[in-house]
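Presented below is the structure to which this report refers.
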Amino acid sequence: MVLTRTFMQLRPIITALRRHKVATLLIVLQVALTLAVASNALLIVATRIVHLSRPTSTDEAHLFVIRNGWKLGQNAAQINANIAADLDTLRHVAGVRDAFSSQGFPLAGYSANIIARLKLEPDQKTHAQLITFYAADEHAIDTLGLTLVSGRNFRPDEIAAIGPSDKMSPPGIIVTRSLADKLFPDGSALGKTVYLPDGPTAIFGIIASLQGPLKNSGAVDGYTALVPARYLDPAGIEYLVRTDSTAMKPVIAATLKALQERSDARIIDQKQDVVTMAQVRKHAYASDHSVAMLMSIVCGLLLLATAGGIVGLSSFWVGQRRRQIGIRRSLGATSGDILRYFHAENFLIVSGGVALGALLAFLANLGLMQLYELPRIPLYAPLLGALVLWLLGQLAVWGPARSAARVPPVVAIRTE
Amino acid sequence: MWRYYVALALRSSARSKALTALVIALLAFGVSACMVSYAVFRATTSDPLPGKSSRLYAVQIDNVGPSYTWHGEPPDMLSYTDAVALWQAHKADRQTLLYPASWQVESDDPTIPAMPMSGDAVTADFFPMFDVPFRFGASWSANEDAQHANVVVISRRLNEKLFGGQNSVGHEIRLDGKAFRVAGVLDDWNPRPRFFDIGELSRDQAFDNVGDIYIPFTRATDMQKNSRYANCPTATGETDTSNWGAYLHGECGRIGAWVGLATPADAERYREYLRNYAKEQQRLGRFAWPPNVRLNSLMDWLAYLNIAPKASSFSMLISGSFLLIVMVNVVGLMLARFMRRAPEIGIRRALGASRADIYQQFLIEGAAIGFTGGLLGLALTLLGLWGIGRLFEPKIARLVHVDAPLVLLTLLLAVIATVVSALYPTWRAAQTRPAWQIKINH
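Chains as they are written, first to last, in my numbering: chain A, 1 to 416; chain B, 417 to 858.
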């Protein structure tokens with residue numbers, strides 16, 4: 001009933017809009033531009049949020065990293081002994097659950113010695129699989145909080161000390177599920193032999209997932225391996241420590257104190273060289289975060305501006321048409337009819353804007369894809385935007401329409 | 417006359433308060449969004465050496481071939497072989513080789529613990545080329561470059577730490593255990609972006625602080641100091657530095673080269689020299705590909721490396737679109753505002769005002785509203801810049817500042833945007849016929 005009454009009004013609405021071509025066009029244009037800009041901006045927000053919420057698959061809330069530099073003049077054997085003693089000390093600090101040493105940690109960014117290529121045959125001619133890896137020992141899985149889905153962990157006697165000029169040829173490695181499936185799509189990765197640049201190695205175990213050290217890793221995302229190794233880099237080493245509770249401050253202080261008491265062969269800047277995984281995450285995704293925030297704010301302002309414009313123009317129209325409204329009222333139109341008239345009119349105009357805006361959104365998306373690494377806009381994005389704009393339009397016109405509905409029939413015969 | 421028009425504008429604004437407030441608020445938000453984005457964009461794309469940057473050029477030589485280049489562009493960094501060949505040829509007015517590295521620093525003061533510090537291995541020309549300011553002492557000489565001398569230039573910050581800010585020229589410090597004589601102490605120097613060695617760093621370090629230590633390139637090479645990053649054309653992508661001699665003369669790119677050339681003609685000559693050099697290497701069999709060299713001026717180099725944070729150009733684009741939408745909005749609202757005053761226009765026209773008078777009146781009214789919007793926009797811009805630290809990383813937010821041009825630009829943008837938006841409504845207003853309006857109302 002209400003719908004048919006609304007439809008009956010379509011013809012007079014269109015006739016009325018024809019007499020206000022420019023004003024109608026302006027709202028259509030505004031809605032179209034808003035839809036085009038907002039849907040692309042929100043697409044950017046969405047891609048950034050997807051990017052920055054990728055899990056490292058580690059127990060981030062309980063993890064912190066110590067970048068431990070070595071003082072000069074220590075040979076490989078001394079460094080090796082230092083690391084072993086340090087780890088033993090770390091694991092005995094109250095509040096520490098476990099610890100291990102590595103040459104990198106998730107989201108640390110690019111550094112030397114984190115990327116390797118895996119081959120399936122020693123003389124494979126096709127492109128080898130690019131992976132990122134962490135030096136690890138038998139405590140790594142527990143420290144990071146990983147899930148071993150099949151196979152086994154490393155044994156203490158498999159952890160090799162690797163000096164700066166030594167080759168990396170471990171007896172076996174542990175890989176992520178996604179890397180295992182990439183190398184052996186039939187699911188038979190466990191126990192298979194693969195080839196590192198320096199020789200063959202077996203797949204000892206498979207972990208559910210683990211993010212590599214790279215922040216924007218694209219092609220190697222999730223293709224991560226643990227290598228049983230202890231790096232004797234004379235520059236330094238990173239200790240990853242998992243705590244029992246999330247209150248890490250006292251534990252961090254206690255570990256630093258314990259390390260310093262054990263030996264002063266190290267250089268640790270307490271401000272820069274100790275970071276929690278939460279800080280690492282915040283730092284790594286700072287720019288993604290700022291883009292997402294900025295775009296959201298601008299989108300919010302955009303919608304507000306559009307709503308403001310609709311309110312402004314609609315109330316102007318209502319003011320202009322008081323006489324016509326009065327005539328319609330005196331000819332028997334109810335105030336509900338008037339209300340529906342303005343809502344229907346707004347729906348029509350916004351629909352025009354949405355149609356044009358969807359087209360513009362796709363065109364703008366094509367342009368942005370060239371300029372930035374933006375994905376193709378999904379079909380539902382403009383649809384969702386259209387829904388929001390229809391709703392926004394109806395809300396915005398509600399006030400002016402109500403004041404129109406309150407115009408008394410007597411206006412028709414009154415001269416001002 | 418314009419005073420009368422402003423008075424008229426004020427009176428009409430008082431009659432339609434809500435509409436006026438809406439226009440002003442929209443303008444203020446549109447303009448301030450643009451200005452905040454612009455302030456960030458300006459800060460991240462600014463010229464680190466204004467007046468001089470057009471005479472400084474970064475050199476690229478393709479030493480890895482088509483299978484290892486990215487879209488055919490030569491690598492960002494030079495191999496040691498090419499870098500030293502350029503330096504020895506000395507075909508430019510000024511030239512420097514450089515790469516970033518870090519050292520363990522100790523002084524004679526036993527109370528100061530050893531600390532790892534970063535900096536660059538450079539040649540003597542580095543300091544005058546990039547206008548690096550000295551607080552004490554001076555750069556080492558070209559002769560000392562040739563002698564692989566144990567000299568060091570340290571930052572003011574490091575001088576504070578090690579020597580309490582005293583003139584330390586002639587004192588010794590130890591880098592990685594080797595004694596170096598302090599030749600000079602820099603004054604505050606922190607160019608943004610960190611243009612000179614960003615090609616040898618990762619792009620997200622472009623706005624990091626510069627290092628504290630500068631030693632001769634030749635000496636750093638003797639120390640077997642590797643660059644922070646190296647780009648080696650091998651299947652494994654790994655670098656084996658255990659055999660230093662072989663590594664040094666291999667094809668790993670890790671060195672930046674800058675040349676100072678006074679005129680574009682000089683630059684063209686240097687480009688020709690680079691092409692000939694690459695051709696010679698091709699003839700010798702080292703390069704199996706035709707010459708692929710680049711000589712980019714400083715600003716072109718920064719643009720090529722694309723160091724400005726994506727967020728800043730994104731937000732320029734989006735806030736520009738926002739202003740456009742606001743303007744469409746303002747056209748509609750101004751149209752409503754001016755049409756409502758048709759009777760007034762009719763009377764003014766009947767009393768002898770020409771169309772030009774009407775144009776003038778309404779454009780001045782537009783400008784007045786724009787100016788008010790600009791003032792509010794300025795307040796919002798300041799508020800936005802104050803809160804910029806929440807949106808951008810501290811190292812970017814720190815660069816953003818307010819100055820007179822920014823303030824003027826904000827007001828100007830607001831006025832121009834409003835006047836442009838008022839053009840069509842004004843034209844419509846000027847079409848009002850005098851007699852008709854009077855007849856209809858009375």
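C-beta: ideal position from N, C-alpha, C; glycine also.
All values reported here derive from a predicted model rather than from experimental measurement.
>> Please report the straight-line C-alpha distance between V37/A and M248/A, rounded to a whole angstrom.
In response: Counting from 1 along the first sequence, the entry for residue 37/A is found at position 37. Counting from 1 along the first sequence, the entry for residue 248/A is found at position 248. Their backbone Cα atoms lie some 43 Å apart in a straight line.
>> Between the alpha carbons of G593/B and Q520/B, how many angstroms are there, rounded?
In response: Indexing the second sequence from 1 puts residue 593/B at position 177. Indexing the second sequence from 1 puts residue 520/B at position 104. Distance between the alpha carbons of G593/B and Q520/B is about 8 Å.
> CB R91/A to CB A99/A, shorter than 7 Å?
Replying inline: One-based indexing of the first sequence puts residue 91/A at position 91. One-based indexing of the first sequence puts residue 99/A at position 99. Against a cut-off of 7 Å, the Cβ pair of A99/A and R91/A comes out as a contact.
> Sorted by chain position, which residues of the same chain lie with C-beta nearer than 7 Å to L41/A's C-beta, five sequence neighbours on each side aside?
Replying inline: Stepping through the first sequence from its first residue, residue 41/A is reached at position 41. Here residue 41/A turns out to be Ala, not Leu, going by the sequence shown. If we look at A41/A and ignore the five residues flanking it on each side, its Cβ neighbours are M295, V298 and C299.
> Mind pulling the beta strand (DSSP E) runs of 3 or more residues that sit fully within the segment 622 to 690 of chain B?
Replying inline: 629 to 632 and 669 to 676
> Rounded to whole angstroms, how far is the Cβ of D142/A from the Cβ of F154/A, which I believe are closer than 8 Å?
Replying inline: What you label residue 142/A is simply residue 142 of the first sequence in a count that begins at 1. What you label residue 154/A is simply residue 154 of the first sequence in a count that begins at 1. So it is not a contact: roughly 11 Å between Cβ atoms.
> By Cβ distance below 7 Å, which residues in the same chain neighbour L794/B in space, the five residues on each side in sequence not counted?
Replying inline: The residue given as residue 794/B occupies position 378 in the second sequence. Taken in chain order, the residues that qualify are V823, T826 and L827.
> Measuring CA to CA, which of D244/A, V411/A, L232/A and A140/A is closest to L331/A?
Replying inline: Here residue 331/A corresponds to residue number 331 of the first sequence, with the count starting at 1. If we check each option's Cα against that of L331/A, V411/A comes out closest.
> Measuring CB to CB, does G309/A end up less than 7 Å from L35/A?
Replying inline: Along the first sequence, one-based indexing puts residue 309/A at 309. Along the first sequence, one-based indexing puts residue 35/A at 35. No, these two residues do not count as a Cβ contact at 7 Å.
> Helix, strand or coil for E576/B per DSSP?
Replying inline: Within the second sequence, residue 576/B is the residue found at index 160, counting from 1. E576/B: helix per DSSP, three-state reduction.
> Just the Cα atoms here: how many angstroms apart are S523/B and Q582/B?
Replying inline: Residue numbering aside, residue 523/B sits at position 107 when the second sequence is read from its first letter. Residue numbering aside, residue 582/B sits at position 166 when the second sequence is read from its first letter. Distance between the alpha carbons of S523/B and Q582/B is about 14 Å.
> Is there contact here, the segment 421 to 430 of chain B with the segment 680 to 687 of chain B, by at least three beta-carbon pairs under 8 Å?
Replying inline: no
> Cβ atoms of Y134/A and L226/A: under 7 Å apart, would you say?
Replying inline: Taking the first residue of the first sequence as 1, we reach residue 226/A at position 226. Taking the first residue of the first sequence as 1, we reach residue 134/A at position 134. Closer than 7 Å, so yes.
>> If we require 3 or more residues per run, which beta strand (DSSP E) segments fall completely within the segment 201 to 232 of chain A?
In response: 224 to 231
> What in chain B is Cβ-close to I206/A, meaning under 8 Å?
Replying inline: Against the first sequence, residue 206/A aligns to sequence position 206. Simply none; closest approach about 24 Å.
> When the Cβ atoms of the segment 67 to 87 of chain A are set against those of the segment 261 to 279 of chain A, are three or more pairs found closer than 8 Å?
Replying inline: yes
>> I want to see whether chain B comes within less than 7 Å of S403/A, judged by CB atoms only; does it?
In response: For the purposes of this step, residue 403/A is taken as the residue at position 403 of the first sequence. Answer no: the Cβ-Cβ gap between S403/A and chain B never drops below 7 Å.
> Taking the alpha carbon of I761/B as the point to measure from, which residue in N642/B, L749/B and I774/B has its own alpha carbon closest?
Replying inline: Numbered from 1 along the second sequence, position 345 holds the residue referred to as residue 761/B. Looking at the Cα atoms, I774/B is the closest of the given residues.
>> Which residues in chain B have a C-beta closer than 7 Å to the C-beta of A286/A? List them in chain order.
In response: Walking along the first sequence from the start, residue 286/A turns up at place 286. By Cβ distance, chain B contributes E809.
>> Does the segment 777 to 786 of chain B come into contact with the segment 593 to 608 of chain B, if we say contact requires no fewer than three beta-carbon pairs (one atom in each stretch) closer than 8 Å?
In response: no
>> Going by the DSSP bridge assignment, what does E138/A pair with across the sheet?
In response: Looking up residue 138/A in the first sequence gives position 138. BP columns for E138/A are empty, so no partner.
>> Below 7 Å on C-beta distance, what does P725/B contact in chain A?
In response: The residue labelled residue 725/B in the question sits at position 309 within the second sequence. S287, listed in chain order.
> Grouping DSSP H, G and I as helix and E and B as strand, with all else coil, what is H858/B?
Replying inline: If you number the second sequence from 1, residue 858/B lands on position 442. At H858/B the pLDDT is 45, less than 50, meaning the model places this residue with poor confidence and gives no usable figure here.
>> For the segment 531 to 546 of chain B, list every residue whose C-beta sits within 7 Å of some C-beta in chain A, in sequence order.
In response: M531 and P532
> Does N357/B come within less than 7 Å of chain A when only Cβ atoms are used?
Replying inline: With chain B covering 417 to 858 only, the question about residue 357/B has no answer from this structure.
> Since P632/B contacts T539/B with CB under 8 Å, what's their CB separation in whole angstroms?
Replying inline: Along the second sequence, read from residue 1 onward, the residue named residue 632/B stands at position 216. Along the second sequence, read from residue 1 onward, the residue named residue 539/B stands at position 123. Rounded, the Cβ-Cβ distance is 7 Å, consistent with contact.
> Since Y195/A sits in a beta bridge, which residues does DSSP pair it with?
Replying inline: Taking the first residue of the first sequence as 1, we reach residue 195/A at position 195. The partner list for Y195/A (beta bridge, DSSP) reads K119/A and P200/A.
> At least one CB of chain A closer than 7 Å to the CB of A662/B: is that the case?
Replying inline: Your numbering for residue 662/B matches position 246 in the second sequence. With 7 Å as the cut-off, A662/B does not count as an interface residue toward chain A.
>> Can you confirm whether I631/B, when its beta carbon is compared against all beta carbons of chain A, has any partner nearer than 7 Å?
In response: Mapped onto the second sequence, residue 631/B falls at position 215. Output row for I631/B: interface = no.
>> 7 Å is my cut-off, CB to CB: does G352/A come that close to chain B?
In response: Here residue 352/A corresponds to residue number 352 of the first sequence, with the count starting at 1. Taking Cβ atoms only, chain B never reaches closer than 7 Å to G352/A, which makes this a no.
>> Taking 7 Å as the threshold (C-beta atoms), are L494/B and I477/B in contact?
In response: For the purposes of this step, residue 477/B is taken as the residue at position 61 of the second sequence. For the purposes of this step, residue 494/B is taken as the residue at position 78 of the second sequence. Result yes, Cβ atoms of I477/B and L494/B sit closer than 7 Å.
> On the premise that V744/B lies in contact with Y840/B, defined as a C-beta separation below 8 Å, what is that separation, rounded to the nearest angstrom?
Replying inline: As a position in the second sequence, residue 840/B is number 424, starting the count at 1. As a position in the second sequence, residue 744/B is number 328, starting the count at 1. That pair is no contact at about 11 Å.
> Counting along the chain, where does the alpha helix (DSSP H) carrying E760/B start and finish?
Replying inline: Along the second sequence, read from residue 1 onward, the residue named residue 760/B stands at position 344. First-last of the alpha helix (DSSP H) with E760/B: A758 to A766.
> What first and last residue would you give for the beta strand (DSSP E) that runs through E238/A?
Replying inline: On the first sequence, position 238 is the one that residue 238/A refers to. Here the beta strand (DSSP E) through E238/A covers G236 to T243.
> If we call anything under 7 Å between Cβ atoms a contact, is V569/B one with A530/B?
Replying inline: If you number the second sequence from 1, residue 569/B lands on position 153. If you number the second sequence from 1, residue 530/B lands on position 114. No; because the gap between Cβ atoms is not below 7 Å, this pair is not in contact.
> Within 10 angstroms of its Cβ, does W556/B collect 16 or more other Cβ (buried), or is it exposed?
Replying inline: Against the second sequence, residue 556/B aligns to sequence position 140. Burial call: buried.
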